[in-house]
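Heads up, the sequence shown is in my numbering, so the first residue is 1160 and it goes up one at a time.
By construction, the Cβ of each residue, glycine as well, lies at the ideal position given by its N, Cα and C atoms.
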Amino acid sequence: MTGSPELTLGQRAQYVANDIAVGIVSINPDPSKPAVRLVLRDFSGPGGRPETQVTARPGDVLDWGARRLTLTAVVSAGAAGARRDADGRPVGYITFHDDPIPRTAQ
């Protein structure tokens, strides 16, 4: 369970916070098979993880840097409920939670 608010990231935007960056490379255009290709960057300093691309689906949990990203929705541009950009074109998006990775007791 996550305690953070749900965040929304549009297809032509980047999320940068807590020493990580997330960008959308592509979203599967088939609304019946929601999936997204993400690029993940770690800005925590030397020894941080290298930039990586991953494919994720709703419900996937990605531990990246010191953060845990929980994907809650993937909406393609052609799906009902897609958002529109400033020019009125449909834009896909994802929703997710960004939480710290829980520390284990030692």
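Residue 1179 is a Cβ neighbour of residue 1224, given a cutoff of 7 Å.
Cα atoms of residue 1163 and residue 1248: separation of roughly 30 Å, rounded to the nearest angstrom. In terms of Cα proximity to residue 1226, the closest of 1244, 1243, 1207 is 1207. Runs of the beta strand (DSSP E) lying entirely within the segment 1179-1262 and spanning at least 3 residues, in chain order: 1179-1186, 1195-1201, 1211-1215, 1220-1223, 1226-1234, 1252-1259.
Excluding the 5 residues flanking it on each side, residue 1182 has same chain C-beta neighbours closer than 6 Å at 1173, 1198, in chain order. Taking C-beta atoms under 8 Å as the contact rule, residue 1214 and residue 1238 fail to qualify, at a distance of about 18 Å.
Cβ-Cβ distances below 7 Å link residue 1217 to 1193, 1230, 1231, 1232, 1233 in the same chain, with the five nearest sequence neighbours on each side left out; the list follows chain order. By the neighbour-count criterion, in which 16 or more other beta carbons inside 10 Å mark a residue as buried, residue 1260 falls on the exposed side. When the alpha-carbon of residue 1196 is set against those of 1211, 1167, 1222, the nearest one is in 1211.
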